[in-house]
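Below you'll find the structure, written out as structure tokens, and then a few comments.
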Amino acid sequence: MGDHSRNLFSTWVALFLSLGSIACAYATVITATTLAQPSFIGYMSLDTAPNATQLIGAVNGVYIAGALIGSLLSSQTSDALGRRKSVFLSAALAVLGGALQAGSIHIGMFIVARLLAGLGIGSLFAAVPLYQSEVSPPKVRGLIVGLHGIFISLGTILSNWIGFGFYFVNASGSQWRVPLALQCVPTLVLATGVWFVPESPRWLINQDRHDDALRVLTRLHHGKNGSDNTFAHREYLQIREQHDEDERNKVTWAQMWTVPSYRRRTVVGFFIMFASQMTATLIVSIVYNPVLYAGLGYGTVKQLLFTGIWANITVIGNTINALTVDRMGRVLALKIGWIGDVCAMIGVVVSLAKFEETGSRASAIAAIVFLYLHIAMYAGFVDVTTYVYASEIFPNNVRGKGMSISVAAYFVALVIELDSAPTALAHIGWRLILIYLCCLAVCVPFLWFFCPETKGKSLEEIGVIFGDRHIHVPLGGAKPLEETVQISEKQALPHVGQEYEHVEG
């Protein structure tokens, strides 16, 4: 492997962008501990309001709806203004929403603030992995984009433990206002510092700023001992040639569904993100965990403690996922994770059914253990992988659109789940998990028939796998840089998963 792989600059850029990932998770999960604070419930009169259940549903519902809209708008701002400005605007909106939440004086203001925060966070959800994928060398792109997943889990754990710690603070307002205000910290730092990281070289080439793009690529991929910047130049030529081809084939939103190779990517990206939420991970974390623990006889403190342990497992699992996804491969990781989650969910359902029948404490403990196994499989194999896969399967000219559609699927699933969960839990209880179990089991075969492996390939080479009519890949060795490979859609599709050479500098 060339010296470019040891350049830490692209890693530092990705790490900084991951502040947005922390913010995404923290802002999403913080309501779980906020709604568990008696002082918040009392201040907002949710203990006496006749429509308290609907108001609590609105707190989560409008946030997810805002995030869905934000994720779709992200492609417009990313393509029109650039990746940096898109991240800045998203972070600034998230800061505004977080500040208004912390300063809310009634539930109506809080709900509006959640909507604003959702718009910013949804946009960040799409913008961060998109940006990371475009500044990453192919061989470690899984790890670098995987930082998004790792820092999402870190944001989750921070939210849970901060909420747990502030439960013991005597000043009742501080119990929930301070944790809510803290969601502004990572987005404020991100909005301030994003101007000091380089713009995406692929976006720069789209704007015909070729000299700037080459300078960025040289900075990103220039190793300690490299003097000729061979890899950066070859990467630049590859991106430029692909851009020239893209310019001859402008793509509209409608063509994302009508052009076969784009439609295939769109369906795969949407399905992967949607089906991964059929693991019910977030719905369990946000809604079901407190209900389950309360039903098993545990008080507020232990509920928060168990939720914190759940969050700890996500950090460990996401780190392992990010470190192994480049070696293991994206599709294999998803297969292991989804099948593992199906098995764990079977254990949860059987344990809860037994507890309902007998009231056995052993069954209660088994249910919690299987829930922890469930999140371990999701975090260890699925969470990071979905962001990596969705961010890399689309070509440069539609990557913003494709990533927006994929992330929108994530929030569509959450809207469905969060809207239905309170009513479902009230009427069928733990059997809600059985519904998600069946949905995920049905989704598993999709991975074998529709999802090609992408590990180790440049973003431009991946187009070959998905059947782009023309894809330009500069080859190494003694062959000239100008040589290209043109593969028709008909030729490419039968060879899904076949390895193609990539210059390593």
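Under mature numbering (1 follows the signal peptide of the UniProt record, and there is no 0), the residues of the sequence shown are numbered -27 to -1, 1 to 478, in order. Using N, Cα and C, we set each Cβ at its ideal position, and we do this for glycine too. Model, not experiment: these values are computed from the prediction.
Out of the options, which has the shortest C-alpha to C-alpha gap to residue i?
i: residue 212; options: -9, 318, 229 and 184; result: 184
i: residue 243; options: -20, 411, 364 and 409; result: 364
i: residue 219; options: 311, 379, 368 and 143; result: 368
i: residue 144; options: 13, 192 and 293; result: 13
i: residue 80; options: 92, 24, 322 and 62; result: 24
i: residue 441; options: 330, 345, 237 and 280; result: 237
i: residue 151; options: 160, 161, 138 and 235; result: 138
i: residue 544; options: 221, 347, 56 and 91; result: With the chain running from -27 to 478 in the structure shown, residue 544 is simply not present.
i: residue 282; options: 132, -13, 413 and 209; result: 132
i: residue 414; options: 384, 340 and 316; result: 316
i: residue 115; options: 61, 438, 426 and 382; result: 426
i: residue 176; options: 289, 59, 404 and 7; result: 59
i: residue 289; options: 352, 160 and 423; result: 352
i: residue 160; options: 327, 31 and 63; result: 63
i: residue 40; options: 422, 388, 402 and 438; result: 388
i: residue 421; options: 30, 241 and 344; result: 241
i: residue 209; options: 173, 378, 235 and 224; result: 173
i: residue 407; options: 257, 382 and 336; result: 257
i: residue 16; options: 323, 82, -20 and 286; result: 82
i: residue 325; options: 340, 76, 312 and 313; result: 340
Any idea what DSSP makes of residue i, helix, strand or coil?
i: residue 172; result: coil
i: residue 327; result: helix
i: residue 230; result: helix
i: residue 292; result: helix
i: residue 1; result: helix
i: residue 155; result: coil
i: residue 485; result: Because the chain in this structure spans residues -27 to 478, residue 485 falls outside the shown range and cannot be described.
i: residue 482; result: Lying before the first or after the last residue shown, residue 482 is absent from the chain, which here runs from -27 to 478.
i: residue 190; result: helix
i: residue 283; result: helix
i: residue 387; result: helix
i: residue 271; result: coil
i: residue 392; result: helix
i: residue 252; result: helix
i: residue 74; result: helix
i: residue 22; result: coil
i: residue 160; result: helix
i: residue 276; result: helix
i: residue 8; result: coil
Here's the rule: buried if 16 or more other CB atoms are within 10 angstroms of the residue's CB, otherwise exposed. What is residue i?
i: residue 26; result: exposed
i: residue 120; result: buried
i: residue 418; result: exposed
i: residue -11; result: buried
i: residue 157; result: buried
i: residue 333; result: exposed
i: residue 216; result: buried
i: residue 180; result: exposed
i: residue -4; result: buried
i: residue 18; result: exposed
i: residue 91; result: buried
i: residue 475; result: Residue placement at residue 475 is poorly supported in this model, since its pLDDT is 33, which falls under 50; the coordinates are not used for a value here.
i: residue 2; result: buried
i: residue -9; result: buried
i: residue 153; result: buried
i: residue 147; result: exposed
i: residue 110; result: buried
i: residue 411; result: exposed
i: residue 225; result: exposed
i: residue 221; result: exposed
i: residue 227; result: exposed
i: residue 300; result: exposed
Kindly indicate the opening and closing residues of the alpha helix (DSSP H) around residue i.
i: residue 107; result: 80 to 107
i: residue 125; result: 114 to 139
i: residue 359; result: 356 to 365
i: residue 16; result: 11 to 16
i: residue 43; result: 25 to 54
i: residue 439; result: Neither: residue 439 is in no alpha helix (DSSP H) and is coded neither H nor E.
i: residue 368; result: Looking at the DSSP string, residue 368 is not in any alpha helix (DSSP H), and its letter there is neither H nor E.
i: residue 484; result: Not covered by the structure: residue 484. The range shown for the chain is -27 to 478.
i: residue 350; result: 334 to 350
i: residue 302; result: From DSSP, residue 302 is part of no alpha helix (DSSP H); its letter is neither H nor E.
i: residue 482; result: The chain is shown from -27 up to 478; residue 482 falls before or after that span and cannot be answered.
i: residue 493; result: Outside the shown range of the chain, which is -27 to 478, sits residue 493, and nothing can be said about it.
i: residue 421; result: 419 to 423
i: residue 414; result: 404 to 416
Practice prompt. Answer yes if the region 110 to 129 comes into contact with the region 344 to 357, meaning at least three C-beta pairs across the two stretches below 8 Å, and no otherwise.
Written response: yes
Worksheet entry | Any 3 or more C-beta pairs closer than 8 Å across the region 36 to 51 and the region 98 to 113 | yes
Practice prompt. Specify whether the region 273 to 280 and the region 320 to 332 touch according to this definition: at least 3 beta carbon pairs, one from each stretch, less than 8 Å apart.
Written response: no
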